[in-house]
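Right, one structure below, let's go through it.
Numbering (full-length UniProt numbering), first residue to last: 1 to 228.
Structure below.
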């Protein structure tokens, strides 16, 4: 994959799904090698896109606590690091969106994930809805110059009528989330508790489908940490 091919692959995929019925999000995390129990290492100087990860590899969402706090602080101060244009695209498109960040909401909720693929949302132990997310396409982006990789998901959400089900509960996720927005994208900073594990997750979600695809792709590095 050459210097800019990765950008074109992601851009073309996103442009195919510019419809209100699709939910588009990017999650920050690491592509892990299950055998070595460490992040994937490739002999590549440029980002690599996977439509399907190699065997014995998986994407694990989440960042270190210090990075979670640092990126959140940078975002709220609107102090995104500058990114060299050549690392983003070979095109001369001017990325001129105003990155004015405002606080949107704070949410504490929980989801019960069922074996039948549905998930049920509760707020203050009160039922809110049952839904199923159907993934249309998933792309994993390995970023050799950065501490974290990215998973891009294109999905549909289908609300389900059931309030109660006989389907077993596989696990429960408790979320404590702050969301910020710049009109085009929502930036979610979420502390997730699952069983006894705590993870710190960062997610960028397309809010307005009139967004510029190039702008969305630049957030993958702006919401990331350069390697030393």
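Where a beta carbon is used, it is the ideal one built from N, C-alpha and C, also for glycine.
- At a Cβ-Cβ threshold of 7 Å, residue 205 and residue 227 do not count as neighbours.
- Between residue 110 and residue 172, the gap from beta carbon to beta carbon is short of 7 Å.
- In this structure, 149 is the residue among 159, 149, 145 with its C-alpha nearest to the C-alpha of residue 139.
- With fewer than 16 other Cβ atoms inside 10 Å of its own Cβ, residue 103 counts as exposed.
- For residue 111, the uninterrupted beta strand (DSSP E) run begins and ends at 102 to 114, by DSSP.
- Take residue 120, set aside five residues on each side of it, and the residues of its chain with a beta-carbon closer than 6 Å to its own are 112, 130, in chain order.
- Assignment of residue 214 by DSSP, reduced to helix, strand and coil, places it in the helix class.
- The Cβ atoms of residue 135 and residue 117 do not sit closer than 7 Å to each other.
- Closest by C-alpha distance to residue 224, out of 34, 42, 18, 61, is 61.
- Residues 31, 32, 33, 34, 40 of the same chain have their beta carbon placed closer than 8 Å to that of residue 57, with the five preceding and five following residues left out of the count.
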